[in-house]
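The numbering of the sequence shown is the working numbering, which starts it at 14 and goes up by one.
From the three backbone atoms N, C-alpha and C, an ideal C-beta is built for every residue, glycine too.
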Amino acid sequence: MSMPPVALVTGANQGIGLQIARDLVAHGLTVLVGSRDLARGEAAAAGLGPHAQAIQLDVTDPASIAAAAARIRRDFGRLDVLVNNAAISNTSMRPGQSVEDYAATVRPGTVSLDEMRAVWEVNVFGVLAVYQAMLPLLRVAPAARIVNVSSGVGSLTRNSDPAYAQRVNFGPVYPASKTALNALTVAMAIELEAEGIKVNAASPGFTRTNLNGYSGTQTVEEGAREAVRLALLGPDGPTGTFSHATLGPLLW
(Lines of atoms letter the chains of each structure in order from A and count residues from 1; the text may use other names and numbers.)
(Lines give C-alpha, C1' and ligand atoms only; values in the text may rest on other atoms or scores of the structure.)
Protein backbone atom coordinates (compact mmCIF):
# COMPACT_ATOMS: atom_id res chain seq x y z
CA MET A 1 0.00 0.00 0.00
CA SER A 2 1.19 3.51 -0.77
CA MET A 3 2.00 5.86 2.08
CA PRO A 4 -0.71 8.41 2.92
CA PRO A 5 0.09 12.05 2.15
CA VAL A 6 2.21 13.74 4.80
CA ALA A 7 1.41 17.21 6.12
CA LEU A 8 3.36 19.52 8.41
CA VAL A 9 1.41 22.17 10.31
CA THR A 10 3.49 24.69 12.22
CA GLY A 11 2.18 26.08 15.50
CA ALA A 12 -0.24 23.16 15.68
CA ASN A 13 -0.38 22.41 19.39
CA GLN A 14 -3.35 24.78 19.91
CA GLY A 15 -5.92 26.99 18.23
CA ILE A 16 -6.40 27.08 14.48
CA GLY A 17 -3.26 25.05 13.85
CA LEU A 18 -4.52 22.20 16.01
CA GLN A 19 -7.88 22.26 14.23
CA ILE A 20 -6.19 22.24 10.82
CA ALA A 21 -4.19 19.21 11.95
CA ARG A 22 -7.35 17.50 13.21
CA ASP A 23 -9.17 18.12 9.94
CA LEU A 24 -6.27 16.88 7.81
CA VAL A 25 -6.08 13.69 9.86
CA ALA A 26 -9.81 13.24 9.22
CA HIS A 27 -9.06 13.48 5.48
CA GLY A 28 -6.60 10.60 5.70
CA LEU A 29 -3.30 12.45 5.94
CA THR A 30 -0.44 11.71 8.29
CA VAL A 31 0.00 15.00 10.12
CA LEU A 32 3.10 16.29 11.84
CA VAL A 33 2.08 18.58 14.67
CA GLY A 34 4.73 21.27 14.72
CA SER A 35 5.27 22.74 18.17
CA ARG A 36 8.03 24.84 19.71
CA ASP A 37 7.44 22.95 22.98
CA LEU A 38 7.68 19.25 22.15
CA ALA A 39 5.73 18.16 25.24
CA ARG A 40 2.79 20.33 24.24
CA GLY A 41 3.01 19.00 20.71
CA GLU A 42 2.99 15.42 21.96
CA ALA A 43 -0.09 16.09 24.09
CA ALA A 44 -1.88 17.64 21.11
CA ALA A 45 -0.89 14.80 18.76
CA ALA A 46 -2.06 12.20 21.25
CA GLY A 47 -5.52 13.71 21.10
CA LEU A 48 -5.59 13.41 17.31
CA GLY A 49 -4.98 9.69 17.11
CA PRO A 50 -2.35 7.42 15.57
CA HIS A 51 -2.04 9.37 12.33
CA ALA A 52 -0.65 12.45 14.06
CA GLN A 53 2.90 12.81 15.32
CA ALA A 54 4.52 15.65 17.23
CA ILE A 55 7.60 17.30 15.80
CA GLN A 56 9.66 19.91 17.61
CA LEU A 57 9.78 23.03 15.48
CA ASP A 58 10.67 26.56 16.48
CA VAL A 59 10.35 28.64 13.32
CA THR A 60 12.86 31.18 14.67
CA ASP A 61 15.56 28.55 15.33
CA PRO A 62 17.55 27.39 12.28
CA ALA A 63 18.78 24.27 14.09
CA SER A 64 15.22 23.28 15.02
CA ILE A 65 14.04 23.78 11.44
CA ALA A 66 16.93 21.76 10.03
CA ALA A 67 16.31 18.93 12.49
CA ALA A 68 12.62 18.83 11.58
CA ALA A 69 13.43 18.66 7.87
CA ALA A 70 15.96 15.88 8.50
CA ARG A 71 13.42 13.87 10.46
CA ILE A 72 10.78 14.22 7.74
CA ARG A 73 13.32 13.17 5.12
CA ARG A 74 14.36 10.15 7.19
CA ASP A 75 10.87 9.00 8.18
CA PHE A 76 8.84 9.85 5.09
CA GLY A 77 11.11 10.91 2.23
CA ARG A 78 8.75 13.66 1.13
CA LEU A 79 6.29 16.31 2.30
CA ASP A 80 2.94 16.67 0.55
CA VAL A 81 1.45 19.61 2.47
CA LEU A 82 3.06 22.48 4.35
CA VAL A 83 0.77 24.72 6.39
CA ASN A 84 2.63 27.76 7.71
CA ASN A 85 0.38 28.56 10.64
CA ALA A 86 2.74 29.56 13.48
CA ALA A 87 2.32 33.25 14.31
CA ILE A 88 2.34 35.75 17.15
CA SER A 89 0.51 39.07 17.38
CA ASN A 90 2.80 40.88 19.82
CA THR A 91 5.30 40.51 22.63
CA SER A 92 4.44 43.56 24.73
CA MET A 93 0.65 43.77 25.03
CA ARG A 94 -0.26 44.23 28.69
CA PRO A 95 -2.85 42.00 30.42
CA GLY A 96 -6.29 43.51 29.93
CA GLN A 97 -5.10 45.94 27.27
CA SER A 98 -7.49 46.21 24.31
CA VAL A 99 -6.38 45.64 20.73
CA GLU A 100 -7.17 49.29 20.01
CA ASP A 101 -5.06 50.54 22.93
CA TYR A 102 -2.18 48.30 21.94
CA ALA A 103 -2.44 49.48 18.32
CA ALA A 104 -2.06 53.06 19.50
CA THR A 105 1.35 52.17 20.97
CA VAL A 106 2.71 50.67 17.75
CA ARG A 107 2.17 53.44 15.24
CA PRO A 108 4.98 53.86 12.71
CA GLY A 109 6.28 56.91 14.55
CA THR A 110 6.46 55.26 17.96
CA VAL A 111 6.70 51.49 17.50
CA SER A 112 9.56 49.68 19.19
CA LEU A 113 11.79 48.17 16.54
CA ASP A 114 12.39 45.26 18.89
CA GLU A 115 8.64 44.57 18.99
CA MET A 116 8.35 44.71 15.23
CA ARG A 117 11.39 42.49 14.71
CA ALA A 118 10.11 39.89 17.19
CA VAL A 119 6.75 39.54 15.46
CA TRP A 120 8.18 39.58 11.95
CA GLU A 121 10.77 36.99 12.97
CA VAL A 122 7.94 34.49 13.51
CA ASN A 123 5.31 35.65 11.01
CA VAL A 124 7.54 36.46 8.04
CA PHE A 125 11.13 35.26 8.35
CA GLY A 126 10.05 32.09 10.14
CA VAL A 127 7.71 31.23 7.29
CA LEU A 128 10.44 31.77 4.71
CA ALA A 129 12.96 29.74 6.71
CA VAL A 130 10.59 26.78 7.00
CA TYR A 131 9.66 27.07 3.32
CA GLN A 132 13.31 26.95 2.26
CA ALA A 133 14.08 23.97 4.48
CA MET A 134 11.03 21.97 3.37
CA LEU A 135 11.17 22.84 -0.33
CA PRO A 136 13.36 19.86 -1.34
CA LEU A 137 10.86 17.54 0.38
CA LEU A 138 7.89 19.26 -1.24
CA ARG A 139 9.50 19.02 -4.65
CA VAL A 140 9.67 15.22 -4.51
CA ALA A 141 5.98 14.91 -3.57
CA PRO A 142 3.66 14.20 -6.52
CA ALA A 143 1.37 17.22 -5.95
CA ALA A 144 2.58 19.35 -3.07
CA ARG A 145 0.53 22.17 -1.55
CA ILE A 146 1.62 25.12 0.60
CA VAL A 147 -0.83 27.16 2.65
CA ASN A 148 0.20 30.34 4.43
CA VAL A 149 -2.23 31.29 7.19
CA SER A 150 -2.59 35.03 6.74
CA SER A 151 -5.20 37.57 7.87
CA GLY A 152 -7.57 40.04 6.32
CA VAL A 153 -6.01 42.76 8.49
CA GLY A 154 -3.02 42.67 6.14
CA SER A 155 -4.99 43.76 3.07
CA LEU A 156 -3.48 46.96 1.65
CA THR A 157 -6.53 47.53 -0.52
CA ARG A 158 -8.94 47.48 2.42
CA ASN A 159 -6.70 49.56 4.66
CA SER A 160 -6.22 52.16 1.92
CA ASP A 161 -9.97 52.78 1.88
CA PRO A 162 -10.95 55.64 4.25
CA ALA A 163 -14.35 54.00 4.67
CA TYR A 164 -12.85 50.83 6.15
CA ALA A 165 -13.60 51.03 9.88
CA GLN A 166 -10.72 48.80 11.02
CA ARG A 167 -7.99 50.72 9.19
CA VAL A 168 -7.22 52.64 12.40
CA ASN A 169 -5.64 49.43 13.73
CA PHE A 170 -3.35 48.89 10.74
CA GLY A 171 0.27 49.21 11.77
CA PRO A 172 3.79 47.88 11.22
CA VAL A 173 3.68 44.98 13.69
CA TYR A 174 1.07 42.21 13.22
CA PRO A 175 -1.02 43.67 10.36
CA ALA A 176 1.98 44.56 8.20
CA SER A 177 3.57 41.19 8.94
CA LYS A 178 0.55 39.60 7.28
CA THR A 179 0.89 42.01 4.36
CA ALA A 180 4.46 40.79 3.97
CA LEU A 181 3.28 37.18 4.26
CA ASN A 182 0.84 37.81 1.41
CA ALA A 183 3.73 39.13 -0.67
CA LEU A 184 5.74 36.01 0.13
CA THR A 185 2.78 33.89 -0.93
CA VAL A 186 2.74 35.50 -4.37
CA ALA A 187 6.51 35.17 -4.70
CA MET A 188 6.41 31.49 -3.73
CA ALA A 189 3.53 30.81 -6.12
CA ILE A 190 5.45 32.41 -8.98
CA GLU A 191 8.59 30.41 -8.13
CA LEU A 192 6.76 27.07 -8.02
CA GLU A 193 4.03 27.53 -10.62
CA ALA A 194 5.88 25.65 -13.36
CA GLU A 195 6.44 22.73 -10.98
CA GLY A 196 2.76 22.30 -10.17
CA ILE A 197 3.17 23.14 -6.48
CA LYS A 198 0.29 25.37 -5.45
CA VAL A 199 0.83 28.13 -2.88
CA ASN A 200 -2.09 30.06 -1.43
CA ALA A 201 -2.90 32.29 1.54
CA ALA A 202 -5.89 31.63 3.79
CA SER A 203 -7.57 34.14 6.05
CA PRO A 204 -9.22 32.39 9.01
CA GLY A 205 -11.28 35.44 9.95
CA PHE A 206 -11.69 36.73 13.50
CA THR A 207 -11.37 33.42 15.32
CA ARG A 208 -11.36 32.78 19.06
CA THR A 209 -7.74 31.91 19.81
CA ASN A 210 -4.95 32.78 22.19
CA LEU A 211 -3.66 35.19 19.51
CA ASN A 212 -6.49 37.65 20.25
CA GLY A 213 -7.18 36.73 23.87
CA TYR A 214 -10.12 34.56 22.76
CA SER A 215 -12.08 37.63 21.71
CA GLY A 216 -12.83 36.37 18.19
CA THR A 217 -16.30 35.74 16.84
CA GLN A 218 -15.61 32.51 14.93
CA THR A 219 -14.91 28.99 16.18
CA VAL A 220 -11.62 27.29 15.40
CA GLU A 221 -13.56 24.90 13.17
CA GLU A 222 -14.67 27.87 11.08
CA GLY A 223 -11.23 29.44 11.19
CA ALA A 224 -9.48 26.30 9.94
CA ARG A 225 -11.84 25.63 7.06
CA GLU A 226 -10.16 27.62 4.30
CA ALA A 227 -6.64 26.46 5.08
CA VAL A 228 -7.81 22.85 4.95
CA ARG A 229 -9.59 23.41 1.63
CA LEU A 230 -6.45 24.92 0.11
CA ALA A 231 -4.27 22.14 1.50
CA LEU A 232 -6.42 19.58 -0.32
CA LEU A 233 -6.68 21.35 -3.68
CA GLY A 234 -6.83 19.15 -6.73
CA PRO A 235 -4.81 19.63 -9.93
CA ASP A 236 -7.24 22.22 -11.26
CA GLY A 237 -7.09 24.35 -8.12
CA PRO A 238 -5.67 27.88 -8.12
CA THR A 239 -2.31 29.14 -6.97
CA GLY A 240 -1.24 32.55 -5.72
CA THR A 241 -4.61 33.41 -4.16
CA PHE A 242 -5.82 34.97 -0.89
CA SER A 243 -9.21 33.78 0.35
CA HIS A 244 -11.64 33.20 3.22
CA ALA A 245 -14.01 30.25 3.66
CA THR A 246 -17.25 32.24 3.37
CA LEU A 247 -16.11 35.54 1.82
CA GLY A 248 -14.25 33.89 -1.03
CA PRO A 249 -11.35 35.74 -2.72
CA LEU A 250 -9.98 38.64 -0.68
CA LEU A 251 -8.35 41.85 -1.82
CA TRP A 252 -4.58 41.92 -1.41
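Under 7 Å Cβ to Cβ from residue i, same chain only, skipping five residues before and after it: list those, please.
i: GLY60; result: none
i: THR267; result: Because residue 267 is not part of the residues shown, which for the chain are 14 to 265, the question remains open.
What first and last residue would you give for the alpha helix (DSSP H) that runs through residue i?
i: GLY28; result: 28-39
i: ILE203; result: 187-205
i: GLY173; result: Contrary to the premise, residue 173 reads as Ser rather than Gly in this sequence. Element bounds for SER173: n/a, residue is neither H nor E.
i: THR118; result: 112-118
i: ARG53; result: 51-59
i: VAL166; result: Looking at the DSSP string, VAL166 is not in any alpha helix (DSSP H), and its letter there is neither H nor E.
Could you pull out every residue in the same chain whose Cβ sits closer than 6 Å to the Cβ of residue i, ignoring the five residues on either side in sequence?
i: VAL19; result: THR43, PHE89, LEU92, ASP93
i: ARG180; result: ASN172
So if DSSP puts residue i in a beta bridge, which residue, or which two residues, is it bridged to?
i: ASN67; result: Sequence inspection shows Ala at residue 67; the Asn mentioned does not correspond to that position. The partner list for ALA67 (beta bridge, DSSP) reads VAL46.
i: ILE159; result: LEU95, VAL212
i: VAL22; result: VAL46, VAL96
i: ARG255; result: A quick correction: the sequence has Phe, not Arg, at residue 255. Per DSSP, ALA214.
i: GLY262; result: According to the sequence shown, residue 262 is Pro rather than Gly. In DSSP, PRO262 forms a bridge with SER256.
Leaving aside the five residues before and after residue i along the sequence, list all residues of the same chain whose C-beta is less than 8 Å from its C-beta, in chain order.
i: THR170; result: LEU264, TRP265
i: GLU134; result: THR73
i: PRO121; result: GLY184, PRO185
Pick out whichever of the options has its Cα sitting closest to the Cα of residue i.
i: LEU37; options: GLY253, GLY261, LEU245; result: LEU245
i: GLU206; options: ALA83, VAL186, GLY139, PRO248; result: PRO248
i: ILE101; options: ILE85, ALA131, ASN26, ALA83; result: ALA131
i: ARG238; options: PHE255, THR254, THR259, SER125; result: THR259
Return the Cβ separation of residue i and residue j in integer angstroms, given the expectation that the two are a contact with Cβ distance under 8 Å.
i: ALA65; j: ALA34; result: 6 Å
i: GLY47; j: ILE68; result: 6 Å
i: SER190; j: HIS257; result: Rounded, the Cβ-Cβ distance is 18 Å, inconsistent with contact.
i: THR23; j: ALA117; result: Actually they are not in contact, since the Cβ atoms of THR23 and ALA117 sit about 30 Å apart, beyond 8 Å.
Could you check where the beta strand (DSSP E) with residue i kicks off and where it finishes?
i: LEU151; result: Here LEU151 belongs to no beta strand (DSSP E); instead the alpha helix (DSSP H) covers 139-152.
i: LEU95; result: 94-97
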